[in-house]
Amino acid sequence: MDKAALLKEKVQNGFIVEGLEDMNEEYLNALKQTLLIVGDTELLSIPPLLTVYDQAPTLNSKITALAIMQDEIGHAHIAYRLLKDLGEDVDDLLYNREPHRWKNPYAFDFELSNWIEFGVFNAFFDRAGYTLLGDAFEHTSYGPWKRALVKVDKEELFHLRNGEVIMRTAMQDPELREEVQKAVDWMFLMALEFFGVADGLKSRSAQLEYRLKGRTNDELRQKWLSTAVPFCESIGVKVPAHYDEQQQKYVLDVPFPCKFDPVNKKWLFDQPDTWENVIKRFKQRGPKNKQFVERIQKGAKELEQLRKEVV
Amino acid sequence: MEKVSTDTQKYWEALKEVMDPEFPISVVDMGLIYDIKKNGDEIDITMTYTAVSCACMEWIESDIKKRLLEEEEVKTVNINVVWDPPWTVDRLSPEGREKLKYWGVSAR
Chain A
1269 MDKAALLKEK VQNGFIVEGL EDMNEEYLNA LKQTLLIVGD TELLSIPPLL
1319 TVYDQAPTLN SKITALAIMQ DEIGHAHIAY RLLKDLGEDV DDLLYNREPH
1369 RWKNPYAFDF ELSNWIEFGV FNAFFDRAGY TLLGDAFEHT SYGPWKRALV
1419 KVDKEELFHL RNGEVIMRTA MQDPELREEV QKAVDWMFLM ALEFFGVADG
1469 LKSRSAQLEY RLKGRTNDEL RQKWLSTAVP FCESIGVKVP AHYDEQQQKY
1519 VLDVPFPCKF DPVNKKWLFD QPDTWENVIK RFKQRGPKNK QFVERIQKGA
1569 KELEQLRKEV V
Chain H
3 MEKVSTDTQK YWEALKEVMD PEFPISVVDM GLIYDIKKNG DEIDITMTYT
53 AVSCACMEWI ESDIKKRLLE EEEVKTVNIN VVWDPPWTVD RLSPEGREKL
103 KYWGVSAR
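Those protein sequences? They're chains A and H, same order as listed. Sequential numbering of the first sequence, starting at 1269, is according to my numbering. Sequential numbering of the second sequence, starting at 3, is according to my numbering.
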């Protein structure tokens, strides 16, 4: 049995990888790629949240929003710290990487329109994070990451509950009710896109074979739907999905994947799309990608400039 | 005037269902609830938070009210937040302490 096959068999049987000496190169690369996506996603969730942070209706909800953003920075720090331990130059990754090379989801390349969208962001996107990282916490073969996720799991739960509180409260006000629906209309499918291409289109996944995660993309999508749909139904928000008794799973009532109009933040349901095109859209990036990454890098660049002037 | 009832055990039990927003520990096991009094159809809660900068005060208060109002005889819930005595980890119940330990959070 070759080394890769042996490692795959070991991790499938519960072996926990602790350090570089336990890995092969393929494992290391898949792990680094995964952690980079996680770190970038955590960190770049903050710029969109900041676009409406000053619209928090009360001082205490503003403090809650700040606590959430602080958590996200902490989660990003964990992922980057793990990357550092694996030999990556984190300063270079953070401050010298061009905006289009960041790995955050497409949904984070947009400004939010109002406080309600802050809530839906928490309720949908943090739920996606909670689903993905919850799976990693449960299944990952990489020990240092598994241990770090204990705290992350709990904090993401707090974020998604905050989103639910904002949505539930807003649904009691006739004007805000419409805003909730409008936010859900563009953010629901965005959240489903977090989980990546459909299982049938993937020939193999190093992430699954090396047990960096446990569930497939479609399984994770179902898991997200299994809590998001009942929650939305319980507060009276319409969502384009329902549980199909015959198939014993959630099915979508609109084409997915589907073309998206980034200017008007609207799904073009009369234009079904392919995953291939969706990936192209991801790579083209959303409207605020450059601005948001530059915001993260601004302080470091300014300090670097000052240092040059002093010398 | 109705007599102030001292039998508030059921409300303590009810509040054991109101969870801290992050950890699955109730506000009772966290030691946030100092006193519960029943006065007719009103419940008076005296409570504190772990910090004056607690990010979830309104949220927790709304969860507490929502849960107590599920009790048929309760019509009003008044919450009085106090900072004296201040909350310390000593106020955690043994159950709360065990749960925090499980999640890797120091309770000392």
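Here a beta-carbon is modelled for each residue, glycine too, at the ideal position from N, C-alpha and C.
- CA-to-CA, the gap between A:Lys1534 and A:Gly1397 works out to about 23 Å.
- In the three-state scheme derived from DSSP, where H, G and I count as helix and E and B as strand, H:Thr78 is classed as strand.
- Under the three-state reduction of DSSP, A:Phe1537 is assigned to strand.
- Within its own chain, the residues whose Cβ lies closer than 7 Å to the Cβ of A:Thr1319, once the five positions on either side in sequence are excluded, are Glu1379, Leu1380, listed in chain order.
- For the region 1477-1532 of chain A, the full-length beta strand (DSSP E) segments reaching 3 residues or more read 1509-1512, 1517-1520, 1526-1529 along the chain.
- Non-local C-beta neighbours of A:Gly1554 in its own chain, meaning closer than 7 Å and more than five positions away in sequence, comprise Tyr1374, Asp1377, Phe1378, Pro1530, ordered along the chain.
- For A:Val1448, the number of other beta carbons within 10 angstroms of its own is at least 16, and it is reported as buried.
- Against chain H, the CB of A:Arg1365 has no partner CB under 8 Å away; the residue lies outside that interface.
- DSSP places H:Thr48 in the strand class (E or B) of the three-state scheme.
- For A:Ile1331, the chain H residues whose C-beta falls within less than 7 Å of its own C-beta are Ser55, Ala57, listed in chain order.
- For A:Tyr1410, DSSP records a beta bridge to A:Val1285.
- The three-state secondary structure of A:Met1439, taken from DSSP, is coil.
- Taking a beta-carbon distance threshold of 8 Å, H:Trp89 does not count as an interface residue toward chain A.
- When C-beta distances to chain A are compared with 7 Å, the residues of the region 4-30 of chain H below that value are Pro23, Glu24, Phe25, in chain order.
- Proximity of A:Lys1419 to chain H, defined by a Cβ-Cβ separation below 8 Å, is satisfied.
- Here the alpha carbon of A:Thr1484 sits roughly 39 Å from the alpha carbon of H:Ala16.
- Non-local beta-carbon contacts of A:Leu1296 in its own chain, meaning distances under 8 Å to residues more than five positions away in sequence, involve Leu1288, Leu1354 in chain order.
- For H:Trp85, no Cβ of chain A is located within less than 8 Å of the residue's own Cβ.
- Per DSSP, A:Ser1329 has no beta-bridge partner at all.
- Under the DSSP definition of a beta bridge, H:Ser28 partners with H:Met21.
- For H:Val107, no alpha helix (DSSP H) segment is defined, and its DSSP state is neither H nor E.
- In this structure, the beta-carbon distance from A:Lys1371 to A:Asp1322 does not fall below 8 Å.
- Not a single CB atom of chain A sits nearer than 8 Å to the CB of H:Glu97.
- The three-state reading of DSSP puts A:Val1306 in helix, counting H, G and I together.
- In this structure, the beta-carbon distance from A:Phe1392 to A:Ala1459 falls below 8 Å.
- Counting C-beta pairs closer than 8 Å gives three or more between the region 1278-1285 of chain A and the region 1406-1417 of chain A, which meets the contact rule.
- In this structure, DSSP gives H:Val83 an extended state, which the three-state scheme calls strand.
- Distances from the alpha-carbon of H:Lys12 to those of H:Glu24, H:Glu72, H:Phe25, H:Ile27 put H:Glu72 closest.
- A distance below 8 Å separates the beta carbons of A:Ala1474 and A:Glu1294.
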